[in-house]
Amino acid sequence: IEECMGSIECMVIRGMEVGDHSIILGKVVAVNAKDFDEVWKTSPLLHLGGDKYAIFHSI
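Below, the structure written as structure tokens:
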């Protein structure tokens, strides 16, 4: 996705059901990130779980 700050491509190793959740175990096969000078000027939306969200501003 062109607008993404970065991506991690994984190969699925195993999937399992735990209670009412699905867990997928994967092996990272590729990582891509845009140049940090420009991309970190954005404030990405983070999903914290359930109905909770946050906007990332800086480290």
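Numbering of the sequence shown is given in this note's numbering, commencing with residue 12 and proceeding in unit increments.
In this text, a Cβ means the ideal position worked out from N, Cα and C, and glycines have one as well.
Note that the structure is a prediction, hence the values are computed from the model and not measured.
Report the CB separation of residue i from residue j in whole angstroms; it is logged as a contact under 8 Å.
| i | j | result |
| --- | --- | --- |
| G17 | N43 | 6 Å |
| E35 | V23 | The residue you asked about is not Glu; residue 35 is Ile in the sequence shown. Yes, they are in contact, since the Cβ atoms of I35 and V23 sit about 6 Å apart, within 8 Å. |
How big is the Cα-Cα spacing for residue i and residue j?
| i | j | result |
| --- | --- | --- |
| C15 | G37 | 21 Å |
| A65 | H58 | 7 Å |
| G26 | H32 | 11 Å |
| V40 | T53 | 26 Å |
| D62 | C21 | 27 Å |
| E13 | E28 | 32 Å |
Nearest CA to the CA of residue i: which residue from the options?
| i | options | result |
| --- | --- | --- |
| L56 | H32, A41, M22 and F67 | F67 |
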